[in-house]
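Protein chains in written order, with the working numbering: chain A, 1 to 209; chain B, 1 to 209; chain C, 1 to 132; chain D, 1 to 132.
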Amino acid sequence: MAFDAQTATAWITASEAAVKADEARLTSLDAAIGDGDHGANMARGLAAASTNIAERAPSTPGDVLVAAGRGIVAKTGGASGPLYGSAFRRAGKALGDAASVEAPVLGAALEAALTAIKELGGANEGDKTMVDALTPAVAAFQAVAADGGPIAAAAAAAADAAEQGLSATVPLQARKGRASYLGPRSIGHEDPGAASTTLILRALAEVTA
Amino acid sequence: MAFDAQTATAWITASEAAVKADEARLTSLDAAIGDGDHGANMARGLAAASTNIAERAPSTPGDVLVAAGRGIVAKTGGASGPLYGSAFRRAGKALGDAASVEAPVLGAALEAALTAIKELGGANEGDKTMVDALTPAVAAFQAVAADGGPIAAAAAAAADAAEQGLSATVPLQARKGRASYLGPRSIGHEDPGAASTTLILRALAEVTA
Amino acid sequence: MTVGIVLVSHSPAVAGSVAELASELAGPSVAIRPAGGTDDGRFGTSIELIAGAVNAADSGDGVCVIMDMGSSVLTSKTLLEDLEDEDGGPVVRLADAPFTEGAVAAAVLASTGQGLDAVVDSAEQAWSMRKL
Amino acid sequence: MTVGIVLVSHSPAVAGSVAELASELAGPSVAIRPAGGTDDGRFGTSIELIAGAVNAADSGDGVCVIMDMGSSVLTSKTLLEDLEDEDGGPVVRLADAPFTEGAVAAAVLASTGQGLDAVVDSAEQAWSMRKL
Ligand SMILES: Nc1ncnc2c1ncn2[C@@H]1O[C@H](COP(=O)(O)OP(=O)(O)O)[C@@H](O)[C@H]1O
Ligand SMILES: Nc1ncnc2c1ncn2[C@@H]1O[C@H](COP(=O)(O)OP(=O)(O)O)[C@@H](O)[C@H]1O
Ligand SMILES: [Mg+2]
Ligand SMILES: [Mg+2]
Ligand SMILES: [Mg+2]
Ligand SMILES: [Mg+2]
Chain A
1 MAFDAQTATA WITASEAAVK ADEARLTSLD AAIGDGDHGA NMARGLAAAS
51 TNIAERAPST PGDVLVAAGR GIVAKTGGAS GPLYGSAFRR AGKALGDAAS
101 VEAPVLGAAL EAALTAIKEL GGANEGDKTM VDALTPAVAA FQAVAADGGP
151 IAAAAAAAAD AAEQGLSATV PLQARKGRAS YLGPRSIGHE DPGAASTTLI
201 LRALAEVTA
Chain B
1 MAFDAQTATA WITASEAAVK ADEARLTSLD AAIGDGDHGA NMARGLAAAS
51 TNIAERAPST PGDVLVAAGR GIVAKTGGAS GPLYGSAFRR AGKALGDAAS
101 VEAPVLGAAL EAALTAIKEL GGANEGDKTM VDALTPAVAA FQAVAADGGP
151 IAAAAAAAAD AAEQGLSATV PLQARKGRAS YLGPRSIGHE DPGAASTTLI
201 LRALAEVTA
Chain C
1 MTVGIVLVSH SPAVAGSVAE LASELAGPSV AIRPAGGTDD GRFGTSIELI
51 AGAVNAADSG DGVCVIMDMG SSVLTSKTLL EDLEDEDGGP VVRLADAPFT
101 EGAVAAAVLA STGQGLDAVV DSAEQAWSMR KL
Chain D
1 MTVGIVLVSH SPAVAGSVAE LASELAGPSV AIRPAGGTDD GRFGTSIELI
51 AGAVNAADSG DGVCVIMDMG SSVLTSKTLL EDLEDEDGGP VVRLADAPFT
101 EGAVAAAVLA STGQGLDAVV DSAEQAWSMR KL
């Protein structure tokens, strides 16, 4: 199955549903080491992504992701807004105007998303952010794609890797974002942004399965 | 004429009257290079000084000045409050519990006031503050006192020296207080605190004349 | 020449009150616009509120944006990238500055008629000020 | 152990809103008290308001005072000298810190149960933070 505008739209819709279903969990993760708004922020941002896609009815997967990114930037309200927003926009631009892409190109777009997040937020792996989930996920996606695997398999591997990356944030001390103010008190909790990244990649695996 | 509780009280009363008479001028000096409240601040602070003296009815000049200082600190509201307040309190403490003092001791008390202002505010001569009026005034007072001159002559010399110090602030660029934010734009104006210091020293000359 | 200033805070009240404090010192010649909180008034950041404040603060001489932290910074950076892709919009620079001190320093310098680079510089110099 | 925090600003609204912002991050365990403006509500500083806020913020573990500028700093220093002359009052330290960033850093560190010196330190470390 290739990744086209319809699949891209389904990805955003599924992400929105996943975030809404787990909104309370994201919020309580953020309450522990942040300000307790990550669930509401993500729900609001992804709802705006869907609305923006519906309004613009983009015909390529690249334009779908750019439209999603704009909605997320406009409405999220927290640090995750510009980060995910830039990520989706950069991924969309990486897809160019292709009507449909295969796994290697989608992998490159996910890598562009990761680069956008790292450039904007300045976080590296180990800083206890969404970067800790997305970095292994991109690597896993690209490894499957490089072996000629289909998008479904690559996305499933990415979601699994993100989940491991999320677990690996528990013992870390936050060095970026508001959790970093807590110093050692940030240890012992999952990072909320890494949790939402995992949901979004799981949604990709679902819609491409 | 020696400096006793009655003279000290008269000094504060005369200072209050002088500041009220020139409140608009102090305010407009502060409007040019500050926030335009120095007239109101000084009027309020010296009124509180008078009230505090009236309530406590101190019997030594030292206690009069301490009481004045406390009133000024409590009610002035601007940077001049803690500065003049500490100055009067330190001067009062320097007078000890003498019922009446002569010129050399009053000169030492004025020097203690100057030291208090410099310690608290960190300003030196040339920073375009009240220190630029008080420094030459203390030197002039002490010079007359050291020559055996009476308080009246010492205070008149101090007031004249303060006035010259005030004029000398015009070409200076402020390096302390809110006027310092203006950088070169603070040049070309008298410093409001140097102006109120001159009024207070002129009041001392008047009540001891 | 008067550079405009935009204050971006996570909190609507912080942005508004620091803008008022800076205005009190800088006087009425400087346009200082707060952009605090989300577009529905929660703690957070709104790129649309920032963009609106930037346009309102600009009188043709450029705008210095000062941010408090976290999403204020990331959202302002994102807006700047968007503006760079456009033509003819206001000239905007982000100042890396302590929020309150930078706002006051920038506002007062703008009131003296200095240009955008000097205003941004004065905000950034506020990191080296000391109080005690 | 919870250190109290007092925020002294020239502006009542700045002190109040930054206290609210810092509380939002630090949570309800930390007493953060604003002391802004004069005792009659003008821009400026009141030693009595600061003293009242210090007493309200103290729960026996000491109070960290953070000031914006000018009269806030001078008046807080004067209060500290007065308190040193007394016995049995709260243990108070002034932090030389950027106002907003120092308040947030101090409040969050206080919420972790650290002592007064550590809280003051974290406020003062905020001078070396950078945003871009
Ligand atoms: N500078 C950064 N770089 C990467 N990720 C970041 C950064 N700052 C915050 N994050 C991510 O954003 C998440 C918090 O998002 P959210 O709660 O929506 O925003 P806010 O912190 O502004 O309330 C964190 O858990 C972290 O994963
Ligand atoms: N650090 C300082 N050291 C000495 N004098 C100072 C200092 N800061 C301010 N001043 C004096 O205080 C005067 C301003 O007083 P005022 O207007 O009452 O207070 P504010 O500046 O808080 O509004 C200045 O003109 C200056 O003489
Ligand atoms: Mg949050
Ligand atoms: Mg938030
Ligand atoms: Mg003033
Ligand atoms: Mg004032």
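Each residue gets a CB set at the ideal place from its N, CA and C atoms; glycine is no exception.
What you are looking at is a predicted structure, and each value in this text was computed from that prediction instead of being measured.
- Secondary structure of M67/C (DSSP, three-state): strand.
- Sequence-distant partners of E163/B (beyond 5 residues in either direction) whose C-beta falls short of 6 angstroms from its own C-beta, in its chain, are T198.
- Of the residues A116/B, Q6/B and E16/B, the one whose Cα lies closest to the Cα of M42/B is E16/B.
- When rounded, the separation of the alpha-carbon atoms in A24/B and G39/B is 6 angstroms.
- Chain D places no beta carbon closer than 8 angstroms to that of A110/C, leaving this residue out of the contacts.
- Judged by DSSP secondary structure, P58/A falls outside any alpha helix (DSSP H); it is assigned neither H nor E.
- In the DSSP assignment, V8/D falls within the unbroken beta strand (DSSP E) covering G4 to S9.
- Interface residue (Cβ-Cβ distance to chain A less than 8 angstroms): E124/C is not classified as such.
- Note on the stretch 72-97 of chain A: whole alpha helix (DSSP H) runs with a minimum of 4 residues are 80-95, in chain order.
- Counting along the chain, L94/C sits inside the beta strand (DSSP E) bounded by residues V92 to A95.
- Here the alpha carbons of T60/A and G60/C stand approximately 38 angstroms from one another.
- Annotation for G36/D: no alpha helix (DSSP H) segment contains it, though the beta strand (DSSP E) segment containing it runs I32 to G36.
- Setting aside the 5 residues that flank it on each side, V119/D is surrounded in the same chain by V3, C64, A106, L109 and A110, each with a C-beta closer than 6 angstroms to its C-beta; the list follows chain order.
- Under the 8 angstroms criterion on CB atoms, G183/B is classed as interfacial with respect to chain C.
- Taking the beta carbon of D68/D as reference, the chain C residues within 9 angstroms of it are L21, T100, E101, V104 and K131, listed in sequence order.
- Under the 8 angstroms Cβ criterion, the stretch 164-179 of chain B does not count as touching the stretch 9-16 of chain C, having fewer than three qualifying pairs.
- Residue pairing by DSSP places T45/D opposite G37/D in a beta bridge.
- Taking all protein chains in view, the Cβ of D40/C is surrounded by fewer than 16 other Cβ atoms within 10 Å, so the residue is classified as exposed.
- From the beta-carbon of E24/C, the residues of chain B found nearer than 7 angstroms are D35.
- Taking C-alpha positions only, T51/B is separated from A5/B by approximately 15 angstroms.
- By the CB criterion at 8 angstroms, H10/D and D96/D fall outside the cutoff.
- Proximity to ligand 4 was defined by a C-beta distance below 6 angstroms to any of its heavy atoms, and the residues meeting it, in sequence along the chain, are D35/A, D37/A, G78/A, F43/C and G44/C.
- For R202/A, the uninterrupted alpha helix (DSSP H) segment begins and ends at P192 to T208.
- Within the model, the alpha-carbon separation for I187/A versus V170/A is close to 6 angstroms.
- The secondary-structure analysis by DSSP pairs D4/B across a beta bridge with S100/B.
- The shortest C-alpha to C-alpha distance from M129/D to any of T100/D, T112/D and G115/D is the one to T100/D.
- In this structure T135/A touches L114/A by the C-beta definition: roughly 6 angstroms separates them, less than 8 angstroms.
- Not one heavy atom of ligand 2 sits closer than 7 angstroms to the Cβ of N52/B.
- Cβ proximity to chain C below 9 angstroms picks out R178, Y181 and L182 from the stretch 159-182 of chain B.
- The Cβ atoms of G149/B and L95/B do not sit closer than 8 angstroms to each other.
- Chain-ordered listing is empty here: chain D has no CB closer than 9 angstroms to the CB of L95/B, the nearest sitting near 18 angstroms.
- Considering only S72/D, E24/D and A26/D, the residue with the shortest C-alpha distance to I47/D is S72/D.
- Look at the stretch 60-89 of chain A: the residues with a C-beta under 7 angstroms from a C-beta of chain C are V73, A74, G77, G78, A79, G81, P82, L83, G85 and S86.
- Buried is the label assigned to L172/B, since at least 16 other Cβ atoms lie within 10 Å of its Cβ.
- About 17 angstroms separates the Cβ atoms of K118/B and A179/B, ruling out a contact at the 8 angstroms cut-off.
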